[in-house]
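Engineer:
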Amino acid sequence: SGPPELDATARRLAAAHDVEDLRRIARRRTPASVFDYVDGAAETESADRRNVDAFGRVEFVPQVLRDVSSVDPSVRILGKPAAMPLIFAPTGFTRMMHHEGEIAVARVAERVGVPYAISTMGTTSPEDVAAAAPGSDRWFQLYMWRDRSASQELMARAEDAGYTTLVLTVDVPVAGARLRDLRSGMTLPPSLNARSFAGIARHPHWWINVLTRDPLKFAALEGGAGQFMELTDRILDPSVTSRDLDWLRQTWRGRIVVKGVLSVEGARDIVDRGVDAIVVSNHGGRQLDRAVAPLDVLPDMRSALQRDAEIYLDGGVRSGTDVAAAVALGADAVMIGRPYLYGLMAGGARRTAGVRPLPAGFHPHPGPPGGWFGGRRGPSPPAPPDGTWL
Ligand code: FNR
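The numbers in our numbering rise by one with no breaks, and the one at position 199 of the sequence shown is 563.
#1: Nearer than 7 Å: is that true of the beta carbon of M485 relative to any heavy atom of the ligand FNR?
#2: Tell me V625's beta-bridge partners as DSSP assigns them.
#3: Are there any heavy atoms of the ligand FNR lying less than 7 Å away from the beta-carbon of P454, as far as the coordinates show?
#4: What residue ranges within the stretch 650-720 form continuous beta strand (DSSP E) runs of no fewer than 3 residues, ordered along the chain?
#5: To the nearest angstrom, report how far apart I564 and P395 are at their CA atoms.
#6: Measuring only the C-alpha atoms, how far is L506 from Q427?
#7: What whole-angstrom Cβ distance do A769 and I700 have, given they're in contact under 8 Å?
#8: Between which two residues does the beta strand (DSSP E) containing F504 stretch?
#9: What do you reckon, are the CB atoms on G648 and G694 nearer than 8 Å?
#10: According to DSSP, Y480 sits in a beta bridge with which residue or residues?
#11: Anyone know if the C-beta pair for V422 and A447 falls short of 8 Å?
#12: Between R376 and the rest of its own chain, which residues show a CB-CB distance below 8 Å, the 5 nearest in sequence each way excluded?
#13: Taking the beta carbon of Q651 as the centre, do at least 16 other beta carbons fall within 10 Å, making it buried, or is it exposed?
#14: Less than 7 Å between C-beta atoms, sequence neighbours within five positions excluded: which residues of the same chain meet that for M550?
#15: Measure the Cβ-Cβ separation of V604 and M508 and say whether it is below 8 Å.
#16: Ignore the nearest five residues each way along the sequence and tell me which others in R654's own chain have a CB closer than 7 Å to its CB.
#17: To the nearest angstrom, how far is the alpha carbon of A374 from that of A713?
#18: Identify which residue in R619, R702, S645, D601 has its Cα closest to the Cα of A514.
#19: Short of 6 Å in beta carbon distance, which residues of its chain neighbour R414, apart from the five on each side in sequence? Order them along the chain.
#20: At what residue ranges does the stretch 370-440 contain a whole run of the alpha helix (DSSP H), taking only runs of 4 or more?
#21: Mind checking whether Y704 and R387 have CB atoms under 8 Å apart?
#22: With DSSP collapsed to three states, give me the class of V531.
#23: Closest to D640 by CA distance: which of L612, D436, R459 is it?
#24: Distance, Cα to Cα, R702 vs V681?
#25: Using 10 angstroms around the beta-carbon of E674, count the other beta-carbons present and answer buried if the total reaches 16, otherwise exposed.
#26: Which one of R547, A418, D524, L530 has the shortest CA to CA distance from E407?
#27: Only counting the same chain, and skipping five residues up and downstream in sequence, which positions put a Cβ closer than 6 Å to that of V439?
#28: Shortest alpha-carbon distance to P497 belongs to which of T487, A378, T484, A525?
#29: I want to check one thing, is the minimum distance from the CB of G339 to the heavy atoms of the ligand FNR below 7 Å?
#30: Under three-state DSSP, which class holds P490?
#31: If you draw a straight line from the alpha carbon of W616 to that of L530, how long is it in whole angstroms?
#32: Taking the beta carbon of E384 as the centre, do at least 16 other beta carbons fall within 10 Å, making it buried, or is it exposed?
#33: Report the partner residues of R619 according to the DSSP bridge assignment.
#34: State the Cα-Cα distance for the pair I451 and K444, rounded to the nearest angstrom.
#35: So, with DSSP's three-state summary, where would you put A541?
#36: Whole angstroms is fine: what's the gap from H381's alpha carbon to R393's?
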């Protein structure tokens, strides 16, 4: 068996049954400022709450007496087979959350059989992610940089590394006002104040990994970027319009997905410029507070676009039931951001892949006294040998 700390982590994770359980573990295991960066949203965070609440309002009318002995959730996403209608959304600074960072996420995506879009604000190079998960469907998320040659260089690198799909995120013309980050004083590279120092002392790995970042992407960080909002505003171009999509369409040979669309009229213009899919998204409520919940505009979006483009939705998806609701209301697939980050923070890849077989004799839920099946609660699962669950 492994070190006692691994046993404790494995035990905690075995008792996690939903995303909220993972979130609670993540909160205990991550420095407060990092957890708040993931968990937080813009201003009053009402858009984030509404994303989740919108799913809570959906009601199902189940059909019974159907043969469900064999259910196949697989779909095609942009023509490629995927195990389920799910995509891992791009999230920045992933190695800050856990030292395994993007590599862990990419390997889980590959293993489960869903696409993963790495972020422009990544902390692992696109080449390293590609090498770590060679069989994955690789997507690359782009923010349009003020310096177009930097955008072009990133696109060329992504293409060379086998990324098939470009995701242009269009809902960050300026940085969102994330008050939790302003209050915690979160900076890049991290600076030491009393609160962050306590976190770093407990979790030295994230400090080290933020500093060993990909030199090209973080060239703009020379001398320290300061707070996230400053970094964003320094790098990203606020003058981008839909005409830039024409440039992108000529520059990128693969598929193009435009992420961060909420208005139906806006979507028509975007799709008419030859993009392959849109993501109906308010960036997890992290940009414009009070932005409409994506689920609430999804049915209108589908009726307006018909089958002219694929439509994905993100924001507030926290369970398979939510995925079913989004698909029923017109999405071809959903993206998730925080759910996989909570899992990553809670235990890294090996213990959160969700595809591991349970050890023989282990019953993860105690059930009622005496057990549901007259069984007993099994022993805690053994700590996994390093790397074997990936
Ligand atoms: C994000 N998101 C994001 N989107 C993007 O296009 N580029 C990025 O770099 C990031 N970075 C990022 C960091 C973190 C910590 C989070 C939580 C989110 C937004 C992300 O792709 C997605 O739209 C939302 O996360 C979806 O909402 P849920 O699933 O988190 O509720």
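Idealized CB from N, CA, C, for every residue including glycine.
Structural biologist: Inspection of the coordinates gives the following:
#1: What you label residue 485 is simply residue 121 of the sequence shown in a count that begins at 1. Yes, the Cβ of M485 comes within 7 Å of a heavy atom of the ligand FNR.
#2: Stepping through the sequence shown from its first residue, residue 625 is reached at position 261. As a beta-bridge residue in DSSP terms, V625 pairs with V644.
#3: Taking the first residue of the sequence shown as 1, we reach residue 454 at position 90. Flag set: Cβ of P454 near the ligand FNR.
#4: Listed in chain order, they are 674-678, 697-700.
#5: The residue you call residue 564 lines up with position 200 of the sequence shown. The residue you call residue 395 lines up with position 31 of the sequence shown. Below a pLDDT of 50, predicted positions are generally treated as unreliable, and I564, at 47, falls in that range; the measurement from the model is reported next regardless. Computed Cα separation, rounded: 7 Å.
#6: Walking along the sequence shown from the start, residue 506 turns up at place 142. Walking along the sequence shown from the start, residue 427 turns up at place 63. Near 42 Å, if we compare the C-alpha coordinates of Q427 and L506.
#7: The first residue shown for the chain is 365 and the last is 754, placing residue 769 beyond what the model contains.
#8: Residue mapping note: residue 504 aligns to position 140 of the sequence shown, counting from 1. Here the beta strand (DSSP E) through F504 covers 502-506.
#9: The residue labelled residue 648 in the question sits at position 284 within the sequence shown. The residue labelled residue 694 in the question sits at position 330 within the sequence shown. Here G648 is not near G694, since their CB atoms are 8 Å or more apart.
#10: As a position in the sequence shown, residue 480 is number 116, starting the count at 1. Note: Y480 sits in a beta bridge opposite F452, R502.
#11: Walking along the sequence shown from the start, residue 422 turns up at place 58. Walking along the sequence shown from the start, residue 447 turns up at place 83. Going by C-beta atoms, V422 is not nearer than 8 Å to A447.
#12: What you label residue 376 is simply residue 12 of the sequence shown in a count that begins at 1. So the qualifying residues of the chain are I389, A710, G711.
#13: Taking the first residue of the sequence shown as 1, we reach residue 651 at position 287. With at least 16 other beta carbons inside 10 angstroms of its own, Q651 counts as buried.
#14: In the sequence shown, the residue the question calls residue 550 occupies position 186. Hits under 7 Å: S397, Y401, Q591, F592.
#15: Numbered from 1 along the sequence shown, position 240 holds the residue referred to as residue 604. Numbered from 1 along the sequence shown, position 144 holds the residue referred to as residue 508. Their beta carbons are under 8 Å apart, which means V604 touches M508 by this criterion.
#16: Counting from 1 along the sequence shown, the entry for residue 654 is found at position 290. Non-local C-beta neighbours of R654 in its own chain, meaning closer than 7 Å and more than five positions away in sequence, comprise S410, A411, ordered along the chain.
#17: Within the sequence shown, numbered from 1, the residue matching residue 374 stands at position 10. Within the sequence shown, numbered from 1, the residue matching residue 713 stands at position 349. Their backbone Cα atoms lie some 12 Å apart in a straight line.
#18: Residue numbering aside, residue 514 sits at position 150 when the sequence shown is read from its first letter. Scanning R619, R702, S645, D601 for the CA closest to the CA of A514 turns up D601.
#19: Numbered from 1 along the sequence shown, position 50 holds the residue referred to as residue 414. Excluding residues within five positions, the ones whose Cβ falls inside 6 Å are A657.
#20: List check, alpha helix (DSSP H) in window: 383-393, 396-403, 410-420.
#21: The residue labelled residue 704 in the question sits at position 340 within the sequence shown. The residue labelled residue 387 in the question sits at position 23 within the sequence shown. The Cβ atoms of Y704 and R387 lie no closer than 8 Å to each other.
#22: The residue you call residue 531 lines up with position 167 of the sequence shown. Three-state DSSP puts V531 in a strand.
#23: Along the sequence shown, read from residue 1 onward, the residue named residue 640 stands at position 276. Nearest option by C-alpha distance: L612.
#24: Taking the sequence shown and counting its residues from 1, one reaches residue 702 at position 338. Taking the sequence shown and counting its residues from 1, one reaches residue 681 at position 317. When only Cα atoms are considered, R702 and V681 end up about 9 Å apart.
#25: In the sequence shown, residue 674 corresponds to position 310, counting from 1. Counting of Cβ neighbours within 10 angstroms places E674 among the buried residues, the total reaching 16 or more.
#26: Here the question's residue 407 lines up with position 43 in the sequence shown. Checking every option, the nearest Cα to that of E407 belongs to R547.
#27: As a first step, residue 439 must be located in the sequence shown, where it is residue number 75. The residues are A446, P449.
#28: Your numbering for residue 497 matches position 133 in the sequence shown. Inspection of the sequence shows that residue 497 is occupied by Ala rather than by Pro. For the residues T487, A378, T484, A525, the minimum Cα distance to A497 belongs to A525.
#29: The shown model of the chain, from 365 to 754, leaves out residue 339, and the question about it has no answer.
#30: The sequence position of residue 490 within the sequence shown is 126, counting from 1. Assigned with DSSP and collapsed to three states, P490 falls in helix.
#31: In the sequence shown, the residue the question calls residue 616 occupies position 252. In the sequence shown, the residue the question calls residue 530 occupies position 166. Approximately 8 Å, taken between the alpha carbons.
#32: Counting from one through the sequence shown, the residue named residue 384 turns up at place 20. That one is exposed.
#33: Here the question's residue 619 lines up with position 255 in the sequence shown. Bridge partners of R619: T529.
#34: Residue 451 sits at position 87 when you count from the first residue of the sequence shown. Residue 444 sits at position 80 when you count from the first residue of the sequence shown. The straight-line gap from Cα to Cα measures roughly 12 Å.
#35: Taking the sequence shown and counting its residues from 1, one reaches residue 541 at position 177. Taken through DSSP and simplified to helix, strand or coil, A541 comes out as coil.
#36: To locate residue 381, count along the sequence shown from 1; it is residue 17. To locate residue 393, count along the sequence shown from 1; it is residue 29. Spanning the two alpha carbons is a distance of roughly 17 Å.
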